[in-house]
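Participant:
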Amino acid sequence: MFDFIKYKYVSITFSTILIAVGFGVTFGKYGGFATSLDFDGGLRAVVEFPENVERKNLEEYFSTKNLEAVLVLMDKDKNDYQIDIGLGSVDQIKQLYIERKGKDSIEAKQASAIDALIGLLQEDFKLEKKKILSANQVGSVVGAELTSTGVSLLALTLFFIMIYLSFRFQFKFALGAILALIHDLVITIAFIGFFQIKPSVPIIAALLTLLGYSINDTIVVFDRIRENAGNLRDTFSQVINLSINQTLSRTFNTSVATLISVVAIIIGGAVELYDFAYVLTFGIILGTFSSVFIAAPLVDIYDTLSKRWKRS
């Protein structure tokens, strides 16, 4: 039987190092998180391209014009693509359009960035007007609202989980679970920054999903701790360690089964789902780690400290 509690401070130190490295690279090397249209604003157009135009053709097109575009295949049969371009490329698009129409063109100078983008696409790909299914400029205000909504959802999730666990178990279990969930959330955000994954609505969905997965794993361990605590005369630390070992095979099997379905998205899914799948894969591994090496040991630490405080 492996003694997990013996290495509780090692696992907590390891997690602290991961967080420091993740945020250190995010802000030290990259100067912050990657930008995305959903949160920072930009241009978004849905266009039906000719059948002979493939993703690689579009990627080469935007690359040669020094425009960073995110392409999402909306309808394979009709060859509809959603094109997202960040605010950083707006001036470049306007400049390209003015050069195309001529520097003396009043129409080009007065055109908005989204009109300039559509104008370039229509000319370069010989598109009829009806092939432009939608075209909008997304402002940063929308991004701020999405950020606020995402943070609120995460905070509410943690709050209701703590309320539920306080009723289902004792407060020390609720506290340990919430701290473990915050640990999972912070490290995953550090992971997103480290690999410069663009924030988006699917990424928020991945974060909420991994919180649900992690707490499910943690409750299984806590339930066994509560059951063993009523039947055994061992110390609380020994009860926790025994409970972790008893549920380890179930935790491992559940994680592997879940990972298989997520990895399938990476192998055979659409490119647009890769970031979602990467974050979810990391979150599942992290959630398994935290339920064994973080949540239960934190309960043990709290129990030890509270007993010392009562004696003093």
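One rule links them: number in this note's numbering = place in the sequence shown (from 1) + 195.
By construction, the Cβ of each residue, glycine as well, lies at the ideal position given by its N, Cα and C atoms.
Taking Cβ positions only, does T483 come closer than 8 Å to chain D?
Facilitator: Here chain D cannot be found, since the structure has a single protein chain.
Participant: Three or more C-beta pairs under 8 Å: does that hold for the segment 359 to 376 against the segment 486 to 494?
Facilitator: Flag = yes, the segment 359 to 376 and the segment 486 to 494 touch.
Participant: Between S206 and I489, what straight-line distance do the alpha-carbon atoms span, to the nearest angstrom?
Facilitator: Whole-angstrom Cα-Cα distance: 7 Å.
Participant: Rounded to the nearest angstrom, what separates S432 and I200 at their Cα positions?
Facilitator: Computed Cα separation, rounded: 7 Å.
Participant: Among the residues of its own chain, which have a CB less than 7 Å from the CB of V267, if the five just before and after it don't count?
Facilitator: Closer than 7 Å at Cβ, skipping near neighbours: Y276, Q277, E467.
Participant: How do the segment 338 to 352 and the segment 239 to 255 stand: do at least 3 beta-carbon pairs fall below 8 Å, yes or no?
Facilitator: The segment 338 to 352 vs the segment 239 to 255: no contact.
Participant: P397 and F228: beta carbons closer than 8 Å?
Facilitator: Cβ atoms of P397 and F228: not closer than 8 Å.
Participant: Between which two residues does the alpha helix (DSSP H) carrying A327 extend?
Facilitator: Per the sequence presented here, residue 327 reads as Ile, with Ala not at that position. Taken as a continuous stretch (DSSP letters only), I327 belongs to no alpha helix (DSSP H), being part of the beta strand (DSSP E) at 327 to 333.
Participant: Roughly how far, in whole angstroms, is the beta-carbon of L322 from the beta-carbon of V241, given that I think they are within contact range, below 8 Å?
Facilitator: At roughly 12 Å, the Cβ-Cβ gap does not stay under 8 Å, so L322 and V241 are not in contact.
Participant: What did DSSP end up calling Q290 once you bin it into helix, strand or coil?
Facilitator: In this structure, Q290 counts as helix in the three-state DSSP scheme.
Participant: Looking only at its chain, what residues have a beta carbon closer than 7 Å to the beta carbon of A369, apart from the 5 residues adjacent to it on each side?
Facilitator: If we look at A369 and ignore the five residues flanking it on each side, its Cβ neighbours are M357, L360, S361.
Participant: Just reading off the alpha helix (DSSP H) that Y276 is part of, what are its end residues?
Facilitator: It is not in any alpha helix (DSSP H) - Y276 instead sits in the beta strand (DSSP E) that spans 275 to 281.
Participant: For A240, which beta-bridge partners are listed by DSSP?
Facilitator: DSSP, once it has assigned bridges, lists I278, A330 as partnering A240.
Participant: Mapping the DSSP letters down to three states, classify A400 as helix, strand or coil.
Facilitator: Correct three-state label for A400: helix.
Participant: Given this structure, state the Cα-to-Cα distance separating K224 from N411, to the nearest angstrom.
Facilitator: Their backbone Cα atoms lie some 35 Å apart in a straight line.
Participant: Taking only the alpha-carbon atoms, compute the straight-line gap between I435 and G407 and give it to the nearest angstrom.
Facilitator: The straight-line gap from Cα to Cα measures roughly 22 Å.
Participant: Alpha carbon to alpha carbon, how far is Q317 from K324? Give it in angstroms, no decimals.
Facilitator: Their Cα atoms are separated by approximately 8 Å.
Participant: Quick test of the definition: if touching needs 3 or more C-beta pairs under 8 Å, does the segment 294 to 309 touch the segment 204 to 222?
Facilitator: Not touching, per the Cβ criterion.
Participant: Are the beta-carbon atoms of L262 and Y292 separated by less than 8 Å?
Facilitator: No, Cβ-Cβ distance for L262 and Y292 is not below 8 Å.
Participant: Curious, which full-length beta strand (DSSP E) runs of at least 3 residues does the segment 199 to 234 contain?
Facilitator: If we require 3 residues or more, the segment 199 to 234 turns out to have no beta strand (DSSP E) run fully inside it.
Participant: Can you look up M269 in the DSSP assignment and give me helix, strand or coil?
Facilitator: Note: M269 maps to strand in three-state DSSP.
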